[in-house]
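Remarks on the structure that follows.
Numbering (the working numbering), first residue to last: -14 to 280.
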């Protein structure tokens, strides 16, 4: 009976904390704006296949309709091959956002593992891992991603690995500092005394209490991953035409921007609003998860 009461109290405390976080987040107008904006982008991306055909709208050439300016039929105009720019923006979002999300998830998992091991064990293990992370951080993340893509090749999988690896040190440092602040707490020491194995101890008692900074950083890195992926495709190192992707659409449209500026304006605004909304969400989460930011 006493165990049931304690468990019930813990559940109530978790619910109260979650409600407090949601309340602070929803009380931030810019964060709500970012959430609405990104939700619209995500909803349009997920639903485009229901009302537009990928092959006909985004890939099939229609030379008689090439470079038609925006109108009631083609909202964003057509490109140099007569393809609907609006359809290509929405279908291209599937590649840009999904690759950005997977690369961020890769960085969270790999960086989280390195940071957790480094922060928990300390000593020589900490020194070795952190020196490797510092060496990786000496290079700008975009330069490191370009080097990895050039070495591995320009496939989607290699681009995910390249962008993910370039962001691993950021998560490793954040998780390490959070784990070092949690590992000496009483509940962790109690779990160690009763013989809790390392893996359950790490995930159940340590990492679950370090997720606030990781979630905030993941949101911001997701935004930067979108920019990195678009940049790689713009340089011809990422997703290749005719597959629609915001970066290669910018690259294709730059030769026609003098007379048809919409060809660079549409994908450019798509990148801008995606990054802008994610940054607003990240700032809102930071304030919501850390009430001291309001002081």
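All C-beta atoms, glycine included, are put in the ideal place defined by N, C-alpha and C.
Asked, Found
"Identified DSSP bridge partners for residue 69", "63"
"Cβ-based neighbour list, residue 130, same chain, cut-off 6 Å, excluding 5 preceding and 5 following", "147, 148, 151, 213"
"DSSP three-state assignment for residue 140, whether helix, strand or coil", "coil"
"Local Cβ density within 10 Å of residue 225, reported as buried at 16 or more and exposed below that", "exposed"
"Same chain, Cβ closer than 6 Å to residue 153, neighbours up to 5 away in sequence not counted", "92, 95, 96"
"Simplified DSSP assignment, three categories, for residue 230", "coil"
"Beta carbon of residue 266 nearer than 8 Å to that of residue 23", "yes"
"Same chain, Cβ closer than 6 Å to residue 9, five either side skipped, listed in chain order", "273"
"Burial state of residue 15 (16 or more Cβ within 10 Å)", "exposed"
"Residue 268 to residue 201 span [Cα, whole Å]", "8 Å"
"Residue 198 - containing alpha helix (DSSP H), residue span", "196 to 219"
"For residue 99, the nearest candidate out of 239, 139, 227, 156 (CA to CA)", "156"
"Under the three-state DSSP convention, the category residue -9 falls into", "With a pLDDT of 47 at residue -9, under the threshold of 50, the modelled position of that residue is not reliable, and the figure given next carries that caveat. Helix."
"Member of 197, 164, 20, 142 whose CA lies at the smallest distance from the CA of residue 87", "142"
"Close beta carbons around residue 160, own chain, < 7 Å, minus the five adjacent residues each side", "96, 97, 100, 101, 104, 195, 199"
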